[in-house]
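A.B. asks: Taken in order, the sequence shown gives residues 0 to 314; the numbers are from numbering that gives the first Met the number 0.
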Amino acid sequence: MPLSTALVATDRPARYLKQLVSHLGHKATTQLSGSGRGTVHLDAGTCVLTADSEGLCLIATAMDIEGLNRVQDAVARHLVRFATQEALSVDWTEPVAGEDLAGLGPVVDDYLLAHCTPPDDALQELADTTREATGGASRMQVSADEGALLTMLTRLVNARFAVEVGTFTGYSSVCIARGLAADGRLLTCDISDEWTSIGRPSWERAGVADRIELKLGPALDTLRALPAEPAIDIAFIDADKANYPAYYEEIVQRLRPGGLVALDNVFLGGRVFDPAYQEEHHLAMRRLNEVIVGDERVESVMLPVRDGLTLARKR
Ligand SMILES: C[S@@+](CC[C@H](N)C(=O)[O-])C[C@H]1O[C@@H](n2cnc3c(N)ncnc32)[C@H](O)[C@@H]1O
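#1: If Q140 and A161 are in contact, beta carbons under 8 Å, what's the gap, nearest whole angstrom?
#2: Count the CB pairs spanning the stretch 222-232 and the stretch 274-283 that are closer than 8 Å, and state whether there are at least three.
#3: Please name the residue, chosen from M151, G66 and D90, that lies closest to A8 on a Cα-to-Cα basis.
#4: What do you reckon, are the CB atoms on T195 and R177 nearer than 9 Å?
#5: Alpha carbons only, please: which of Q30, A227, L262 and E163 is nearest the one belonging to P217?
#6: So, with DSSP's three-state summary, where would you put S88?
#7: Thinking V79 and C46 are a contact (beta carbons under 8 Å), I'd like their distance in whole angstroms, please.
#8: Along the chain, where does the alpha helix (DSSP H) containing I291 start, and where does it finish?
#9: For R312, which option in E295, L259, L267 and P274 has the closest C-alpha, if you only look at C-alpha atoms?
#10: Hey, out of A86, R286, V271 and A238, whose CA is closest to A96's CA?
#11: Quick check on DSSP: helix, strand or coil for P117?
#12: What are the start and end residues of each continuous alpha helix (DSSP H) run of 4 or more residues lying completely inside the stretch 188-224, in chain order?
#13: State yes or no: is the C-beta of E163 nearer than 8 Å to some heavy atom of ligand 1?
#14: For ligand 1, is there any heavy atom lying closer than 8 Å to the beta carbon of W91?
#15: Quick one: measure Cβ to Cβ for G268 and E98, integer angstroms, because I've assumed they're closer than 8 Å.
#16: How would you write the range of the beta strand (DSSP E) that G37 sits in, first residue to last?
#17: Do G135 and T166 have their beta-carbon atoms positioned less than 9 Å apart in this structure?
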């Protein structure tokens, strides 16, 4: 459970932030950004510091509790020592695991669902059928609010050619297909004949079956086999997480200028925040999140939509 935060009440958060980053810079790797954010990478773990109107916000992370305690202790000791004109109090929260931070909670989730365009009968039926046929796996389906967002994004970019990686039973496919221009087409990729077959009758009922081309097989092969034209107007990545970096790369190369790629589950249920999670897909997602923010080809925004949604627009 190696994550803990502290809010240090002070009128001089930026001063302490700079002082700590500069002081620890002699024995640790540190970064200071112009936006009032500093990072200190100690051997034991990392502390991110941000200055805002409430004070100095600290986020300590480490691979284990012992490392976390060492980071907390080093940061708190230095801050208290620097504060010669006031008594600073650094009260760390109880350590939590990344997955405890996932989601906005049932109250906000319910309010969000109640205040966006609701699913019509065909989409609701698809959600119900999926739950009955797949049980717990139905959690993989995008929520109604995220589906409404996909329809809106598709419309906003005037998409004629859309690509989806990860069909499942096709809830997100229907949402994307509905936002396409009249002569638009969605190529959706999955490896499961069983799951995609469950959804097909609902695609008909939703009136978009003729716009959806399902390609069964590893999505990476499908993407790599795409011709240069037409360029992709919008893409949605929602499949096996370890392959996200490869999907992103294949798609960005084929996006038209102004085209959009949306990546779902970039929080990995909160595990992306927690360095204790070190499996291949955790590392791949953390790396990709860093790659996108530094990718000159796109402008990007990461949104707390459900399990985290990154939008990257090709320049
Ligand atoms: C999270 S679900 C997609 C949910 C879907 N977007 C929806 O809203 O209903 C992930 C899907 O990715 C598919 N998948 C996993 N590995 C894949 C691969 N290598 N290539 C293509 N699809 C894959 C799975 O079969 C599964 O249906």
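All residues carry an ideal CB built from backbone N, CA and C; glycine is no exception.
C.D. replies: In brief:
#1: By one-based count along the sequence shown, residue 140 stands at place 141. By one-based count along the sequence shown, residue 161 stands at place 162. Contact doesn't hold; Cβ gap of about 18 Å is too wide.
#2: no
#3: Within the sequence shown, residue 8 is the residue found at index 9, counting from 1. That would be D90, whose Cα lies nearest to the Cα of A8.
#4: Within the sequence shown, numbered from 1, the residue matching residue 195 stands at position 196. Within the sequence shown, numbered from 1, the residue matching residue 177 stands at position 178. With respect to the 9 Å criterion, T195 and R177 are not classified as neighbours on the basis of their beta carbons.
#5: As a working mapping, residue 217 is identified with position 218 in the sequence shown. Among Q30, A227, L262 and E163, the Cα nearest to that of P217 is on E163.
#6: Within the sequence shown, the letter at position 89 stands for residue 88. Correct three-state label for S88: coil.
#7: Here residue 79 corresponds to residue number 80 of the sequence shown, with the count starting at 1. Here residue 46 corresponds to residue number 47 of the sequence shown, with the count starting at 1. So it is not a contact: roughly 15 Å between Cβ atoms.
#8: Translated into positions along the sequence shown, residue 291 becomes position 292. First-last of the alpha helix (DSSP H) with I291: E279 to V292.
#9: Reading the sequence shown from its first residue, position 313 is the one you call residue 312. It is L259 whose Cα lies nearest to the Cα of R312.
#10: Position 97 of the sequence shown, counted from the first residue, corresponds to residue 96. Measuring from the Cα of A96, the nearest candidate turns out to be V271.
#11: Within the sequence shown, the letter at position 118 stands for residue 117. P117 falls in the coil class under three-state DSSP.
#12: 192-204 and 218-223
#13: Numbered from 1 along the sequence shown, position 164 holds the residue referred to as residue 163. Checking every heavy atom of ligand 1 against the Cβ of E163, one is found closer than 8 Å.
#14: To locate residue 91, count along the sequence shown from 1; it is residue 92. Checking every heavy atom of ligand 1 against the Cβ of W91, none is found closer than 8 Å.
#15: Taking the first residue of the sequence shown as position 1, residue 268 is located at position 269. Taking the first residue of the sequence shown as position 1, residue 98 is located at position 99. The Cβ separation is near 5 Å, so the contact holds.
#16: Position 38 of the sequence shown, counted from the start, is the residue given in the question as residue 37. Per DSSP, the unbroken beta strand (DSSP E) holding G37 starts and ends at R36 to H40.
#17: The residue given as residue 166 occupies position 167 in the sequence shown. The residue given as residue 135 occupies position 136 in the sequence shown. Not closer than 9 Å, so no.
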